[in-house]
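Chemist: To start, I am sharing the structure in question, which I have written as structure tokens.
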Amino acid sequence: MQKVQNELLVVVAKQLLEKEHSGFRAMLKDDKKNDLSRMYGLYHPIPQGLEPLANLFKQHILEEGVSLIKQTDTSINQVHILFDHFTWSRKIRC
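Dropping the structure here:
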């Protein structure tokens, strides 16, 4: 059983985890909690089996955080532009 598990999960782990539309990242992005739970169950018994998942999860969290920061910066810039526009328009009218 150990050899079969090793062959099916460890050898092809990179392919399973990094598939564009069905891999670990896609599951995180699409909030597939049940699928993520099953994947955890598959890799948990394998020595160092969770390391690739942890690395991909860390990368996902960092990317999401950077994206949120960029969205916030964009929103703040838009508020500044609108503020400048309306305060400038008001100065012209006075």
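Per UniProt numbering, residue 1 is the first one in the sequence shown, and the count goes up by one each step.
Using N, Cα and C, we set each Cβ at its ideal position, and we do this for glycine too.
#1: Give the DSSP-derived three-state secondary structure of residue 51 in the structure shown.
#2: Please determine whether the Cβ atom of residue 19 lies at a distance below 6 Å from any heavy atom of the ligand NAP.
#3: Check this for me: beta carbons of residue 43 and residue 36, under 7 Å apart or not?
#4: Is residue 56 closer than 7 Å to residue 24 when the C-beta atoms are compared?
#5: For the candidate residues 60, 78, 74, 83, whose alpha-carbon lies nearest to that of residue 18?
#6: Just the C-alpha distance for residue 20 and residue 29, rounded to the nearest angstrom, thanks.
Modeler: Here's the rundown:
#1: It is helical.
#2: For the structure depicted, the ligand NAP is absent and the ligand set is empty, with no information on it obtainable.
#3: The Cβ atoms of residue 43 and residue 36 lie no closer than 7 Å to each other.
#4: Between residue 24 and residue 56, the CB-CB gap stays under 7 Å.
#5: Measuring from the Cα of residue 18, the nearest candidate turns out to be 60.
#6: Taking the straight line joining both Cα atoms gives about 11 Å.
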